[in-house]
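Participant: In my numbering, the protein residues as written are 96 to 1019. Beta carbons are placed, not taken as given, at the ideal position from N, Cα and C, and that holds for glycine.
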């Protein structure tokens, strides 16, 4: 047999016929039972940065078939060594393979045996392959770091297989429902470590390569191909102690080991909490977590070998901010939650990715709160997730949580706000209306019933319904599926309209879908959700009761049923729905109720309204003003009380919305109005947090630190008080240090603000000073902070240089960080036009830089989508998208959403710009 090269670009030249089977899912006639995978990796020498290997797959035939179809991509397969063996009850028989085909659309590699494979029989397929260790952070790839002594690169290899990249590393049945045990054996130079999902079983010398060894790992539990992981590296590790005997290690490059302490301490505690929460012990004998220098996502939950971007695992007590610590805690907790939700029980197909990501996101907040309740992070994270969901799900182009996937390129686009944050938000809602007992019991039953198997969301609904009936959380005639399908299978979220009859003491409650585009027809708004209604009154002030007191219900045809709530107070008292934002919906009220709420907010009793609901009133009123349901005069009346506000969430709601509008207004002749307004709004809170001074040690709670950082950031942006002068002073002190790499007087939590402010107001020399710090830093989070700040410059040629450096192959900016540097320029009012033009004029180059991974490329669209403010710019980008359609494959949904956001921004400027300016002038 010939050598067979599976490079998609070369398929036509090979003259290979396409398979007649062209479905996006593999045929169901075969089932892998076990993989024996052997990989020999060369990191040095003449074969450097390549790998070769073999895979032996035990296959069960479920129905007679004339071919074997599996996945393979960009692998050179040596067909002269391919073998297929029938494993009979008493004898074995070698079966020849007459021919092979490929289907490049679906990455199928198809073998045709010389005779039919028969149902209920077992066969063993042996394939030999080789490839380059690629640089695209997908499949089996290479990463590197710089040795501090020799200044030379040190290479490592690692894997990233989710969602469909195991096929780049070895031929396999690369779909999540094809679970099987894996026996992994890695060949490598003996000076390196070998890691995989399971502990090492044996190590023995390589039969022909001196100083090389084979490291064989224990057989794994049944798992999906996307969870297989292995790495060859020269890292060090920090061990952690677990009472249950599970070996827990945290790996990083040797010079970063001092940054591993936090994750090494937190990880085992989180793991133990999940064992208690789910009622199931962690099923593997060990777990490793490893910081990889080059990593596209934040992290990956490979079973027993969790891999992370360095910024998502490493934390320095001396130089990392509170924001970095929070992020590390959240990501570690998220990935460890996957060991149960995703790994132990796996979605049947990527349609239900949210079962993995939504649960991991929500449960991570529970885990961090359990370990560090003093951080008070659970509510902060939950509310932030809901707000992000609102902004994304208000688009007509949004998609449901559970969505059809009919081609592999669509899978990557499901890893988005909807799967993660909306998924988390509806699970939180469900947790609250089911109660603790039913929620925990239902999850335990689900995990027990489907462990080591695959499941769909309906399976979860059955387990939770049974638990809810047993606990009395739901009546026998109600079920979780009826309620939750409306949230997971339907796009968007509801606005609940509360129109009170003050004389009768009642309110008519209705619902409709919210769109940011106010030109969407009313027929598209007529959607229905089962909405648990919690509410309180000015007299009751019971914000802690988040259980539903009533429900908005849907008919069998999906129409919203009318609802009237009685026993409400008179015309002198407000009502508030959705206590502590327990459900992801917005509430809009009649004019009188808004007046009553504003009156309380602008009184000494403003804090009688729960802080989460104060924040939500701010976010809601801005949102309704955006689409004309409210006016900006009412927005300013709500914000009037903020001179008394001292809590984080309301300020965050105000800042997020002001920034959104400022991105539009700052590019107009009226750009100075918001600055004038902020100079009026900010001084009381700026003085309360003691300005930009380093007073962090005096704070008792984490919320106070985050509030100070948020306030100082806005104060420096809008030149309030002494913020800019003091920021520059901090920066000058750092510049004066004889050894700025070792000594930095800038307060850790303010560094991003100080750096950006100093660069924005500074010179080319200031930029070069910070760039030098970037090139010399050993800390990934510090490098990201600096990179993000370098884009704050107003010097055009420096910004242009940053754009070019962002996409320079083997340049000083790692490919994974190119999005950060591009975004920092694009979000700069001076850099926006440069970034927009660079993106459109150099898109061929950008596409080649990322290909075949388009995940990062799609992120470049976000800062562009928020700042197109006139029809000319919109049409320019629309034309670009049309011309570049072939290069935008795989991110079509993101492009559609970008164009929609641009159109909405243009619409706001046309319809609301004058009203906003008028309202803000009146408030000055």
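(1) Within the continuous alpha helix (DSSP H) that includes residue 849, where are the two ends?
(2) Among residues of its own chain, excluding the 5 on either side of residue 103, which ones have a beta-carbon nearer than 6 Å to its beta-carbon?
(3) For residue 774 versus residue 813, is the C-beta spacing smaller than 8 Å?
(4) Among 790, 760 and 788, which has the Cα closest to the Cα of residue 1010?
(5) For residue 394, which of helix, strand or coil comes out of DSSP?
(6) Should residue 611 go down as buried or exposed, given a rule of 16 or more other Cβ atoms within 10 Å for buried?
(7) Within 10 angstroms of its Cβ, does residue 581 collect 16 or more other Cβ (buried), or is it exposed?
(8) For a quick check, are the C-beta atoms of residue 160 and residue 212 less than 8 Å apart?
(9) Quick one: Cα of residue 240 to Cα of residue 334, how far?
(10) Give a yes or no on whether the C-beta atoms belonging to residue 990 and residue 982 are separated by under 8 Å.
(11) Assign residue 302 to one of three DSSP states: helix, strand, or coil.
(12) Whole angstroms are fine: how far does the CA of residue 1008 sit from the CA of residue 748?
(13) If you draw a straight line from the alpha carbon of residue 130 to that of residue 180, how long is it in whole angstroms?
(14) In chain order, what are the residue ranges of uninterrupted beta strand (DSSP E) at least 3 long that sit wholly in the region 471 to 548?
(15) What does the alpha-carbon distance come out to for the pair residue 254 and residue 218?
(16) Can you tell me the Cβ-Cβ gap for residue 687 and residue 666, rounded? I've got them flagged as a contact below 8 Å.
(17) Please confirm whether residue 859 and residue 893 have their CB atoms less than 8 Å apart.
(18) Would you mind stating whether residue 268 and residue 320 have Cβ atoms separated by less than 8 Å?
(19) May I ask you to report which of helix, strand or coil DSSP gives residue 234?
(20) Within 10 angstroms of the Cβ of residue 502, are there 16 or more other Cβ atoms? Answer buried if so, exposed if not.
(21) Quick one: is the Cβ of residue 362 within less than 7 Å of any heavy atom of the ligand NAD?
(22) So residue 862 is in the alpha helix (DSSP H); what residue range does that whole segment cover?
(23) Which term fits residue 536, buried or exposed, when burial requires 16 or more other beta carbons within 10 angstroms of its beta carbon?
(24) Can you list, in chain order, the residues of its chain whose CB lies under 6 Å from that of residue 189, leaving out five sequence neighbours each side?
(25) Would you grab the beta carbon distance between residue 248 and residue 547 for me? Rounded to a whole angstrom, and I think it's under 8 Å.
(26) If you run the structure through DSSP and keep just helix, strand and coil, what is residue 277?
(27) Taking the alpha carbon of residue 428 as the reference point, which residue from 369, 437, 375 and 504 has its own alpha carbon closest?
(28) Can you list, in chain order, the residues of its chain with a C-beta nearer than 7 Å to that of residue 373? Leave out the 5 residues immediately preceding and following it.
(29) For residue 347, write down the residues that DSSP places opposite it in a beta bridge.
(30) Taking C-alpha atoms, which residue in 658, 125, 205 and 500 lies nearest to residue 167?
(31) Going by the DSSP bridge assignment, what does residue 967 pair with across the sheet?
(32) What are the uninterrupted segments assigned as alpha helix (DSSP H) that are 4 or more residues long and contained completely in the region 760 to 823, given in chain order?
(33) Within its chain, find whatever has a CB closer than 7 Å to the CB of residue 1001; leave out the 5 residues flanking it on each side and keep chain order.
(34) Determine whether the beta carbon atoms of residue 128 and residue 275 lie at a separation below 8 Å.
(35) Can you name the residues that DSSP bridges to residue 325?
(36) Buried or exposed for residue 710, going by 16 or more other Cβ atoms inside 10 Å?
Facilitator: Straight from the coordinates:
(1) 846 to 856
(2) Note that residue 103 has pLDDT 34, beneath the 50 cutoff, so the model's placement of it is unreliable and the number below is only indicative. Cβ within range, chain order: 199.
(3) yes
(4) 760
(5) strand
(6) buried
(7) buried
(8) yes
(9) 22 Å
(10) no
(11) coil
(12) 20 Å
(13) 15 Å
(14) none
(15) 28 Å
(16) 7 Å
(17) yes
(18) yes
(19) strand
(20) exposed
(21) Ligands are entirely absent from the displayed structure, and the ligand NAD is therefore not among its contents.
(22) 859 to 871
(23) buried
(24) 180
(25) With 8 Å as the limit, residue 248 and residue 547 do not qualify as a contact, their Cβ atoms being about 40 Å apart.
(26) strand
(27) 369
(28) 435, 538, 539 and 542
(29) 331
(30) 205
(31) None; residue 967 has no bridge partner.
(32) 767 to 776, 778 to 783 and 797 to 812
(33) 963, 964, 965, 966 and 969
(34) yes
(35) 291
(36) buried
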